[in-house]
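Report on the following structure.
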Amino acid sequence: MISEIEIKNRITKLRNYLEKFSLDGFLITNKVNMKYLTGFDGDGLLLVTMDDIVIISDERYQIELEQQSINYIIGNDYLKQLMQLVSQKNLIALGFEESIEYENFDYLDENSMADIVPVSNLIETLRAIKSESEIRKIKSANQLVSDVLERISASFSEYTERDLAIEIDYLAKKAGATGASFSPIIASGPNSALPHSTVTSRKLQNHDILIADLGYFVEGYTCDITRTFSIGRTSTEIQQLYSIVREARDEVLSNIHAGLPISKLMQTVNHIFKKYHVEQYFTHGIGHGIGLSVHELPSLSSSETECLEENQVITIEPGLYLQGIGGIRIEDDILVTKKGFENLTPMSADLIEL
1 MISEIEIKNR ITKLRNYLEK FSLDGFLITN KVNMKYLTGF DGDGLLLVTM DDIVIISDER
61 YQIELEQQSI NYIIGNDYLK QLMQLVSQKN LIALGFEESI EYENFDYLDE NSMADIVPVS
121 NLIETLRAIK SESEIRKIKS ANQLVSDVLE RISASFSEYT ERDLAIEIDY LAKKAGATGA
181 SFSPIIASGP NSALPHSTVT SRKLQNHDIL IADLGYFVEG YTCDITRTFS IGRTSTEIQQ
241 LYSIVREARD EVLSNIHAGL PISKLMQTVN HIFKKYHVEQ YFTHGIGHGI GLSVHELPSL
301 SSSETECLEE NQVITIEPGL YLQGIGGIRI EDDILVTKKG FENLTPMSAD LIEL
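Following this line, the structure appears as structure tokens:
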């Protein structure tokens with residue numbers, strides 16, 4: 001649940017943006033953004049004006065909406081009811097999320113009495129800065145998944161990849177997770193060289209490298225954690241590669257602070273990998289924002305022109321993937337602070353030999 005104070009703060013920030021861009025209303029169609037602004041997790045639309053907040057939904061959610069302090073309208077034609085509301089409120093400029101489905105945009109374009117104005121990533125930008133309660137929930141998700149991995153790792157060798165994914169999912173939900181934010185990635189042996197491998201019926205074998213990449217929701221917020229394991233003693237080559245990934249991970253973390261240009265993150269990891277002539281084996285980005293969704297702002301692209309901001313939560317996930325040898329990835333969830341960072345993932349980043 002979101003407190004009324006937090007909802008009020010989020011709506012106030014949104015209204016500040018509306019005033020800045022000369023909009024007297026804003027339409028939210030993205031379900032995650034609706035939940036962020038109101039706590040409502042059902043189907044419908046949300047209209048925010050300078051003096052009102054209205055959820056438009058249907059009979060399935062009436063009891064839930066009656067328990068909230070936000071105004072609502074019940075019906076079956078969301079967009080028609082929205083147009084009536086826009087007309088009643090004499091709105092002149094209605095902002096809408098640029099991610100809206102084309103069919104809905106076409107309806108607005110044909111029927112809105114107000115000028116309609118596309119806006120990109122407005123709510124997503126607000127979501128990127130986390131409150132204390134959001135940080136606490138992401139921490140809880142990290143703790144839960146770390147506990148599950150530590151509990152189950154002693155018996156890895158008894159499983160196939162699919163069996164292990166099923167057992168992890170069961171234990172995570174039993175421990176309080178409401179669901180996975182993505183299908184667990186359990187990749188062993190040669191499959192570990194595929195950064196986004198899907199689980200197979202392959203049985204874990206002695207000397208295998210195994211990558212476990214997991215994300216689970218706790219109180220609506222998710223984590224995204226990756227750890228690399230060795231079933232039995234691994235080769236000197238894998239140990240050396242792991243040391244390189246760990247060095248890259250540690251170097252990136254040591255540079256994180258509010259105000260750091262985001263492009264520096266990728267530059268840092270590439271610098272380490274180039275030093276050891278393995279940069280060609282790093283085939284994905286350095287990370288992403290995380291929160292209500294497993295991928296959200298800030299974008300950590302190497303071409304990003306923005307800087308990190310205090311209270312953003314991001315993943316840092318350097319990895320190396322060598323066909324015929326295996327893959328290695330370490331992924332932590334990181335809170336950006338004014339002068340540095342806090343690692344929200346409590347599990348050790350060492351290569352775990354079982």
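161 is the number that the UniProt record's numbering gives to position 161 of the sequence shown; each next residue is one higher, with no gaps. For glycine and all other residues, C-beta sits at the position ideal for the given N, C-alpha and C.
Which listed residue (the options) has its alpha carbon closest to that of residue i
i: residue 134; options: 195, 218, 110; result: 218
i: residue 250; options: 322, 343, 166; result: 343
i: residue 48; options: 220, 243, 94; result: 94
i: residue 67; options: 257, 4, 262, 128; result: 4
i: residue 138; options: 281, 351, 345, 27; result: 345
i: residue 14; options: 127, 318, 78; result: 127
i: residue 293; options: 174, 130, 61; result: 130
i: residue 208; options: 184, 234, 186, 193; result: 234
Where residue i falls: helix, strand or coil (DSSP)
i: residue 227; result: strand
i: residue 342; result: strand
i: residue 318; result: coil
i: residue 291; result: coil
i: residue 202; result: coil
i: residue 71; result: strand
i: residue 96; result: strand
i: residue 300; result: coil
i: residue 193; result: helix
i: residue 263; result: helix
i: residue 188; result: strand
i: residue 26; result: strand
i: residue 278; result: coil
i: residue 41; result: coil
i: residue 18; result: helix
i: residue 328; result: strand
i: residue 109; result: helix
8 Å contact criterion, which residue i and residue j should meet: CB distance rounded
i: residue 316; j: residue 328; result: Not really, about 14 Å apart at Cβ, beyond 8 Å.
i: residue 296; j: residue 289; result: 5 Å
i: residue 38; j: residue 63; result: Going by Cβ atoms, the distance from residue 38 to residue 63 rounds to 16 Å, so no, they are not a contact pair.
i: residue 195; j: residue 277; result: With a Cβ gap of about 20 Å, residue 195 and residue 277 do not count as contacting.
i: residue 54; j: residue 71; result: 5 Å
Same chain only: Cβ atoms within 7 Å of residue i, ignoring 5 sequence neighbours per side
i: residue 162; result: 199, 200, 201
i: residue 99; result: 30
i: residue 306; result: 262, 298
Contacting residues, own chain, Cβ-Cβ under 6 Å from residue i (five flanking each side not counted)
i: residue 33; result: 123
i: residue 159; result: 204
Own chain residues within Cβ distance below 8 Å of residue i, not counting five before or after
i: residue 248; result: 268, 269, 272, 273, 318
Within the region 44 to 68, note down every full alpha helix (DSSP H) run reaching 4 residues or more, in order along the chain. Contiguous alpha helix (DSSP H) elements confined to the region 44 to 68 occur at 62 to 66, taking only those with 4 or more residues.
For a minimum of 4 consecutive residues, which ranges assigned as the alpha helix (DSSP H) are wholly contained in the region 111 to 185? Within the region 111 to 185, the complete alpha helix (DSSP H) runs of at least 4 residues are 122 to 127, 132 to 152, 161 to 174.
Could you tell me which uninterrupted alpha helix (DSSP H) segments, each at least 4 residues in length, are contained entirely in the region 205 to 259, listed from first to last along the chain? The region 205 to 259 is shown to contain whole alpha helix (DSSP H) runs of 4 or more residues at 236 to 255, in chain order.
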